[in-house]
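Novice: Dumping the structure here so I can ask a few things about it.
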Amino acid sequence: MGTTKKYWKGLDELNATPQFLERAEREFPQELSVDQFLADDKLKESSTGRRDFLKFLGFSVAAATVAACEAPVVNAVPYVVKPEDVTPGVANWYASSYYDGYSYASILVKTREGRPIHIKGNREQGFTKGTINPQIAASVLSLYDGERLKGPQMANADSDWATVDGEVIKGLKDAQTKGKKIVLLSSTVISPSGQDVIGQFINKFGGAAAVAPVEGQTPDNAAADATVMPAAVESDKVVHIQYDAVSYNGIREANLASFGKRIIPDYDFSKARVIVSVGADFLNSWLLPTEFVGQYQLTRNPEGAFMSRHFQFEANMSITGSNADVRGMVKPSEYAKVLAFLHKEIVGTAISGVDTMSLSEDVAAKLKMAADEMKANNGTSLLVCGSNRKSLQIITNSINNALNSYKSTINLNNPINLFVSEDAKMDELVKDMSASKIGALIMWETNPAYSHAMGAEFKASLANVGLTVSMARYTDETASGCQFICPDHHALEGWNDFNPKANHYSLSQPTIRPLNNTRSAMESLMIWSEQSIDGKPGSAPVVHVGPDSTTFHDKIKNNWEVYGFPLQTKHLDFFSYWNESVHNSCGDISIPAVEWTFTSDLASAGKDAASITGSDWELSLYQKASLGTGVQSGNPWLQEMPDPITKVTWDNYVTMSLIDMQEMGLSTEVGQESPSNIVSVVVAGKELKLPVFAQPGQARKTIGIALGYGRGEGGEKIGRSSYHTDFYGKHESGDNGGRKKIGENGFKVAVGGVLECNVESITKTNETYNLACTQTHSTVMGRSSIVKETTLEIYKSQPKSAYNHSHMLHSGWNHDEKHISEFNLWDEHPVENVGHRWAMSIDLSSCIGCGSCLIACQSENNVPVVGKDEVRRGREMHWLRLDRYYASDVEPTVGTRDDAKFDAGGFGAMEIPSENPKVVHMPMMCHHCNHAPCETVCPVAATTHSNEGLNMMSYNRCIGTRYCANNCPYKVRRFNWFNYPSYRKFVEVNPAQDDLGRMVLNPDVVVRTRGVMEKCSFCVQKIQEGKLNAKKEDRMVRDGEVTTACSDVCPTNAIMVGDWNDVNSMIRKSTQEDRSYQVLEEVGTKPNIWYKVKVRNEHNESLMSIQVAHDEGHGGHGEEGHTEEGHTDEASTEEAHH
Amino acid sequence: MLIVIFTVGGIKGQLNNISREQDGLQALPEQSIGQAFRSWAWKNRGFVGVTSFILMIILLVAGMWDLMGIGVYENYKPEQPIAYSHELHAGKLGIDCKYCHSSVTKSKHAGIPSVNVCMNCHRAVSEGSTTGTAEIQKIYDAAGFDPATMTYSGVTKPIKWVKVHNLPDHVYFNHSQHVAVGGLDCQACHGNMRKETVARVMTSADLNAVGTNDDGLEENAVKFTRPTLTMGWCVECHTKSNIDIAGAASSNPDSYYGVIHQRLLLDKRTYQDYLEDDVVTVAELGGLECAKCHY
């Protein structure tokens, strides 16, 4: 038996032989679907005749049949020495921290048999309290990117560490002897040990003698721990420049002027009853959203002690703006006027030179309201401004000072250490480089050739530098111009420590042995400057070890022992202190509070603010929730994530107001076959050519362009998903013959780090471009009772029937009014009484639309990436989608709409959104209906119902009729049109689906193949795991123990999962609240998902009158014959798809 | 047989012609075999029709029967890199299964013991009763152990065992659910391994025989009719295993099953539905639901 098995080892092995592969490649149109195949002109040139084709087909069918009869021999290779804490088949979770120079969060990393496969937030430790963002969740996939550098490179060719180390040290010494400047360039380093290494590096090459630790003296950004790490000596020979792609220089400079220290204070949104943001997207990208989101959410609970009122004044429709109660649309150049208006109202003094009178009436009214409320809530309000201009930040400081925010909502004593960026130094460096003044340049965690406005100059002048070293993980835009690339580990492969806020220290630990021959950047610096672990004279300098190196770990441990351990009193020995620190990943120290005095320097700030002149068109550059600054542009999960606002995937575009587009004669439609016009935008003398997307809520005469795109101008190896792919999955070739970049690089025009720019010209071109936008996919056929919203006022003062009316039917001879759930077409499932009933509640008030759930779901459930072309056809596979509804101010609700007008325009007229719509984010996934329409139409019973209320999907039984998807009222089923995991079209561009990328797959979840339907399973594998754990411990499942990937990662706890049959569970209580309703309950599907009515803290007279009138209209008896059409409950929301 | 039939048919035809000649009749025209067959089949069309119909049915049934055997690996017993004997270790020496397959109570995998588990004993035992030192030396090679000096070299070479129990694709099976929670003994599904050398996929007959011929093991409550490691086999056990609802609910009301079963007892109608055949089976409590094993 054994021998036959070995002979046939299965089709896999057969395929692996070159002959078979070659034949397969030539004969089988296996990369093509039938319609593609028939449409392909190249087919006629094919060398395979019909007869040959049939012969080969016959052979392969026979071969496949025979092979399928015999199982392949599978080897099982156990550990030689099994690590004590690893049990094959059981996941290990490691507490760690994430920092990429942009986002920071305390995280938990799930590993299976030594492979990290999932990242979620750490709810128990750290100030981020479980909040992460899509980029952090997706970073686990970047670990397995095959285009990451495999080892050190010299002159863009593979090399080895010994050679490279020798050359780099030689280069450094050369620079030293020539007396030229050595520059270390990175994004902000918040690692205390990293700062120590850099300091010693500077000491070594700066010529300074070893400096003894100076007691009590600390660098500005390294907190006030008294023992303290020696500060780096200032040296003019060796400098460390910290430069961030998106700079917060303005805030730091403003605080230097106002308080005498160049700091970014800590903000506390949870204390703010009134939040006013001027262009700051603090829920998505501004400063430290991983902290702010959680704080913000605490103030958004309509049942809480108070609900904050959030004012947003901005040009683009940002995620933060979409959550605001009151949103005013202003041009970026008007931010100064907005602040001046507030300053005059609140502080009482006008900012001279800034004309506030030119603000529109609407904005002025909203500003007046904001100012009045802030004054009324003195001490519990907060003003933030997103501009990187020092002057605007000074005005902001002045207002906050008048509001006593510095005593409550802003904490100067615990500054945020992120974004140290010193823009002036960076500009000087570029000048010095072109003037050949730099002897050596060492860079890590930075990519100025891409992310600096003078990136091209920077890259060109790299040639003028004696020694150029990049420690980038990819041969990116900057690294490709360097002599040496010494690749750093991926964040999940190495040790690090962080000091993100003055009082908070954290660790990140490796969760996998380095996949490639990479080395921690700090270890490289230590080796080049011959540092020892403890830094004492006479200690042996560290040397290169290889993948199992513990050098930087030892360094960190040593620093924590010398500097960290004495700061605490809990542990008596270092060992237990260190163990606890690693286990928790972080710890706090106490910072003594200091009194700060505010120095007002409004005169010069006003002068600068007054000098801001707008232009006809203005541009706001913004960061997407998916790509941010583009560090992970090669990550297909992020590329394919629909933008939370525009729902466009894979692309960069210009957002513009609908009216402006109509005036310019641009196509306003987005659809599979309706291409967008490309416009040419000229800013700061540089041209950006991008398609235009109609964005409701975009301020008139402004445009928005996302940063993070346009990477790989020279076709660099920065990850295959960074580039355009054509119809057949190959990379499209760009103008330079290489791969074609996606979109344009907005950093090019962000001169001086200011993201608000004046547009010189914007012109329509003759070119068109197809965007892949999911916003109209899976629409729910105009059934408008899906979203319900109300205002806090109505919620507090009116009965449930006003804002959350249930669907009642009249039945029987006396026309009794009965709730719709009492009518059944089918027999009841016994879910309500027996065993568990897994249910979910989604609070629309809490959901901010960040998109973390979507990526977490993709990571947990092995959801494939399909590529832009397929998304464009509506074939995206995301199990969970975030529906974004715009609500127009004018409501076509029955009884309130002008029928004559409506009849003329019909639903088409509804599609013209108002200029400044309200936004509702709504996560939508399988509702696990107890009377599921999909189950009744499946001809093979592949989708069935469980006694636990789950709608189960058996992939191996599914034959792909797609009846279920057609019958699903929620449109949540996804069909595998192709064999995504192995079809070349997808494999070639998607690191998630090549051999290395498959390591990210969750082994507990099946990888689906072509022709089967799939959908949200409620993370049944997690439910089963939770139950099993409970059974093994002989106890009932604890409330909150079973989670789904989406609820687990949700930063605002909008999604909650639990056992509804447990009468004391949070989910049971949540579903019985007044705000709870079920989507499309009138259809009678009896779903296991509840939503909670969105509550806005606003005055809305029209909504009030509608909802109150509606309620009274129903008083007591109600109408007869309620139908869906005649019963549009929610009054202020209509889907606006266009 | 076909040759015999054709030869006999040919001879018969010739004899026929001879006899016709003798009778003074004109000889029949020479026919090819095909023509002869066709005319014969036409003459006996009733018989041929029925026979071929039956033959078709038999072929189809046989074919289906054969297809059912695809993916059935009863008796699969591949050669292993080390001639390990369960008979010796589990049978003669009486080592508990869970000593080596230690993750069986914790994980979905029972686990193949890592080399360090072998070394717990084989550090001292370097010679076997049947295979001498040769097989045990393979463990030492894997562990990088030198029995002469009793030292480890640090150079290890993992053992590539051949996986024996291959589940069908797209199935999730968890050992700990069955062993730690369900309280099943290993022999219920793996038969009497105390009489085997290297691992073998037991047949359902083997499982049914456990405990019947005085091997000191408990007899399986469920008698199987389906081949092992197929879905039918799983389903058979889930439909035939009974659960004492009331007993579990009262004996430990705070335990998982205590709470779950109490909920069922409260829902009298459903409980009575389940009890129609006097027993509540695993299947009735959801043990046959697709998403219990397929996700």
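Heads up: the protein sequence lines correspond to chains L and S, in order. The opening position of the first sequence corresponds to residue 183 in this note's numbering, with each subsequent residue numbered one higher. The opening position of the second sequence corresponds to residue 316 in this note's numbering, with each subsequent residue numbered one higher. Yeah, the Cβ is synthetic: ideal placement off N, Cα and C, and Gly gets one too.
1) Going along chain S in order, which residues have a C-beta closer than 7 Å to the C-beta of M264 of chain L?
2) If we ignore side chains and look at the alpha-carbon of each, how far apart do I558 of chain S and A598 of chain S end up?
3) What three-state label does DSSP hand G324 of chain S in the structure shown?
4) Looking only at its chain, what residues have a beta carbon closer than 7 Å to the beta carbon of D463 of chain L, apart from the 5 residues adjacent to it on each side?
5) Quick one: Cα of K1050 of chain L to Cα of A954 of chain L, how far?
6) Q502 of chain S: buried (16+ other C-beta within 10 angstroms of its C-beta) or exposed?
7) For the stretch 452–473 of chain S, enumerate the residues whose C-beta is nearer than 9 Å to any C-beta of chain L, in chain order.
8) On the premise that P1233 of chain L lies in contact with V291 of chain L, defined as a C-beta separation below 8 Å, what is that separation, rounded to the nearest angstrom?
9) Between which two residues does the alpha helix (DSSP H) harbouring F383 of chain L extend?
10) Do you know how far the Cα of M539 of chain L is from the Cα of E1283 of chain L?
11) Please classify V651 of chain L: does DSSP put it in a helix, a strand, or coil?
12) Counting only beta-carbon atoms, is H1018 of chain L nearer than 9 Å to chain S?
13) Using the beta-carbon count (16 or more within 10 Å), is G995 of chain L buried or exposed?
14) Name the chain S residues that come within less than 7 Å of P270 of chain L, Cβ to Cβ?
15) Nearest CA to the CA of P873 of chain L: which residue from L:K899, L:D908, L:T837 and L:S904?
16) Please compile the residues from chain S whose C-beta is within a distance smaller than 7 Å of the C-beta of K1213 of chain L.
17) Look up Y281 of chain L in the DSSP assignment and give the residues it is bridged to.
18) Which residue comes first and which comes last in the beta strand (DSSP E) that contains L803 of chain L?
19) Give a yes or no on whether 9 Å exceeds the smallest Cβ distance from P1012 of chain L to chain S.
20) Let me know if F1104 of chain L comes out buried or exposed under the rule of 16 or more other beta-carbons within 10 Å of its beta-carbon.
21) Taking 9 Å as the CB-CB limit, is Q1206 of chain L close to chain S?
22) Could you check whether the stretch 675–689 of chain L touches the stretch 758–777 of chain L, counting it as contact only if at least three pairs of C-beta atoms, one from each stretch, sit closer than 8 Å?
23) Which residues does DSSP pair with D461 of chain S in a beta bridge?
24) Could you pull out every residue in the same chain whose Cβ sits closer than 6 Å to the Cβ of L549 of chain L, ignoring the five residues on either side in sequence?
25) Could you tell me which of L:N678, L:I794 and L:E777 sits nearest to K737 of chain L, measuring between CA atoms?
26) At which residues does the beta strand (DSSP E) containing K1100 of chain L begin and terminate?
27) Taking the C-alpha atoms as reference points, what is the distance between D1176 of chain L and S279 of chain L?
28) Taking 9 Å as the threshold (beta carbon to beta carbon), is K1276 of chain L in contact with chain S?
29) Along the chain, which unbroken stretches of the alpha helix (DSSP H) at least 4 residues long are found entirely within the stretch 697–774 of chain L?
30) Thinking C-beta only, is F666 of chain L closer than 9 Å to S643 of chain L?
31) Between L:V456, L:E777 and L:A1124, which lies nearest to E555 of chain L when the distance is taken from Cα to Cα?
32) Pull up the distance between the alpha-carbon of Q350 of chain S and that of M517 of chain S, whole angstroms please.
33) Three or more C-beta pairs closer than 8 Å, one from the stretch 619–634 of chain L and one from the stretch 361–371 of chain L: is that the case here?
34) When you compare the stretch 927–936 of chain L with the stretch 1187–1207 of chain L, are there three or more beta-carbon pairs, one atom per stretch, that lie closer than 8 Å?
35) Spell out a yes or no on whether the stretch 838–848 of chain L and the stretch 1119–1136 of chain L are touching, meaning 3 or more CB-CB pairs, one atom from each, closer than 8 Å.
36) How about E1130 of chain L: is its C-beta nearer than 9 Å to some C-beta of chain S?
Specialist: Straight from the coordinates:
1) As a first step, residue 264 of chain L is located in the first sequence; it is residue number 82 there, counting from the start. With the sequence shown as reference, residue 264 of chain L is identified as Lys, and Met is not the correct amino acid for it. For K264 of chain L, the residues of chain S that pass the 7 Å Cβ criterion are S429 and N431, in the order they occur in the chain.
2) Taking the second sequence and counting its residues from 1, the one referred to as residue 558 of chain S is at position 243. Taking the second sequence and counting its residues from 1, the one referred to as residue 598 of chain S is at position 283. If I take the Cα positions, the gap works out to 10 Å.
3) Reading the second sequence from its first residue, position 9 is the one you call residue 324 of chain S. Correct three-state label for G324 of chain S: helix.
4) Counted from its first residue, the first sequence places residue 463 of chain L at position 281. S500, I501, T502, G568 and Y804.
5) Numbered from its first residue, the first sequence carries residue 1050 of chain L at position 868. Numbered from its first residue, the first sequence carries residue 954 of chain L at position 772. Rounded to the nearest angstrom, the two C-alpha atoms are 6 Å apart.
6) Here residue 502 of chain S refers to the residue found at position 187 of the second sequence. Answer is buried; the Cβ neighbour count reaches 16.
7) A457, A458, G459, T471, K472 and P473
8) Against the first sequence, residue 291 of chain L aligns to sequence position 109. Against the first sequence, residue 1233 of chain L aligns to sequence position 1051. Between P1233 of chain L and V291 of chain L the Cβ distance is about 17 Å, and since that is not below 8 Å, they are no contact.
9) Translated into positions along the first sequence, residue 383 of chain L becomes position 201. Counting along the chain, the alpha helix (DSSP H) containing F383 of chain L begins and ends at P374 to G388.
10) Numbered from its first residue, the first sequence carries residue 1283 of chain L at position 1101. Numbered from its first residue, the first sequence carries residue 539 of chain L at position 357. Their Cα atoms are separated by approximately 27 Å.
11) For the purposes of this step, residue 651 of chain L is identified with residue 469 of the first sequence, where counting begins at 1. Strand.
12) To locate residue 1018 of chain L, count along the first sequence from 1; it is residue 836. H1018 of chain L counts as touching chain S.
13) Residue numbering aside, residue 995 of chain L sits at position 813 when the first sequence is read from its first letter. Residue identity differs from the one stated: residue 995 of chain L is Trp in this sequence, not Gly. Exposed, by the Cβ-count rule.
14) Translated into positions along the first sequence, residue 270 of chain L becomes position 88. Within 7 Å Cβ-Cβ: S418, S422, H424 and G426.
15) Residue 873 of chain L sits at position 691 when you count from the first residue of the first sequence. Ranking the options by Cα distance to P873 of chain L, first place goes to L:T837.
16) Numbered from 1 along the first sequence, position 1031 holds the residue referred to as residue 1213 of chain L. Here the neighbours are V496 and Y571.
17) Here residue 281 of chain L corresponds to residue number 99 of the first sequence, with the count starting at 1. Answer by DSSP bridge pairing, in chain order: L:Y286.
18) Counted from its first residue, the first sequence places residue 803 of chain L at position 621. Element bounds for L803 of chain L: W799 to Y804.
19) Stepping through the first sequence from its first residue, residue 1012 of chain L is reached at position 830. Chain S, which has a Cβ nearer than 9 Å to the Cβ of P1012 of chain L, makes this yes.
20) As a working note, residue 1104 of chain L is residue 922 in the first sequence. With the sequence shown as reference, residue 1104 of chain L is identified as Met, and Phe is not the correct amino acid for it. Buried: at least 16 other Cβ atoms inside 10 Å.
21) Within the first sequence, residue 1206 of chain L is the residue found at index 1024, counting from 1. True, the Cβ-Cβ gap to chain S drops below 9 Å.
22) yes
23) In the second sequence, counting from the first residue as 1, residue 461 of chain S sits at position 146. D461 of chain S pairs with S:T466.
24) Taking the first residue of the first sequence as position 1, residue 549 of chain L is located at position 367. The residues are F523.
25) The residue labelled residue 737 of chain L in the question sits at position 555 within the first sequence. Out of L:N678, L:I794 and L:E777, L:N678 has the C-alpha closest to the C-alpha of K737 of chain L.
26) On the first sequence, residue 1100 of chain L is found 918 positions in, with the first residue counted as 1. Per DSSP, K1100 of chain L belongs to the beta strand (DSSP E) from K1100 to M1106.
27) For this step, residue 1176 of chain L is matched to residue 994 along the first sequence. For this step, residue 279 of chain L is matched to residue 97 along the first sequence. Their Cα atoms are separated by approximately 27 Å.
28) For the purposes of this step, residue 1276 of chain L is identified with residue 1094 of the first sequence, where counting begins at 1. No, K1276 of chain L lies away from the interface with chain S (no Cβ there is under 9 Å from its Cβ).
29) 703–710, 733–741 and 756–766
30) For the purposes of this step, residue 643 of chain L is taken as the residue at position 461 of the first sequence. For the purposes of this step, residue 666 of chain L is taken as the residue at position 484 of the first sequence. Contact: no.
31) Along the first sequence, read from residue 1 onward, the residue named residue 555 of chain L stands at position 373. Among L:V456, L:E777 and L:A1124, the Cα nearest to that of E555 of chain L is on L:V456.
32) Against the second sequence, residue 350 of chain S aligns to sequence position 35. Against the second sequence, residue 517 of chain S aligns to sequence position 202. Taking the straight line from one Cα to the other gives about 54 Å.
33) Because the criterion of three Cβ pairs below 8 Å is met, the stretch 619–634 of chain L and the stretch 361–371 of chain L touch.
34) no
35) By the C-beta criterion, the stretch 838–848 of chain L is judged not to be in contact with the stretch 1119–1136 of chain L, since fewer than 3 inter-stretch pairs fall below 8 Å.
36) Numbered from its first residue, the first sequence carries residue 1130 of chain L at position 948. Yes, its Cβ sits closer than 9 Å to a Cβ of chain S.
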